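What follows is a short report on a single structure.
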Amino acid sequence: MTKKESCEKKLTIQEMKQRQNQYIYEAILNIIEFSLLLGCLFGLLMLLFEI
6 MTKKESCEKK
16 LTIQEMKQRQ
26 NQYIYEAILN
36 IIEFSLLLGC
46 LFGLLMLLFE
56 I
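Numbering-wise (the numbering used here), the sequence shown opens with residue 6 and increments by one.
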């Protein structure tokens, strides 16, 4: 295996890791967004039924 081939393999591994990290980051953001939305809706319902 030449140096060029090993560098290309390292690049593809780095790209895969970056994509995986990006997917994890997006999933965490989606979970946070969903939980905030649920919290706001629940808070509004509590206010409406309390009055």
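Don't be surprised by glycine CBs; every beta carbon is placed ideally from N, CA and C.
Source: prediction; values computed, not measured.
Alpha-carbon to alpha-carbon, residue j and residue i
i	j	result
Cys45	Tyr28	26 Å
Phe47	Glu38	14 Å
Thr7	Ala32	38 Å
Lys15	Asn26	16 Å
Ser40	Lys9	46 Å
Leu43	Gln19	36 Å
Gln23	Tyr30	10 Å
Three-way DSSP call (helix, strand, coil) for residue i in this model
i	result
Thr7	coil
Residue i at chain E interface by Cβ criterion, 8 Å
i	result
Asn35	As a matter of chain content, chain E is missing from the structure shown, which is built from one protein chain.
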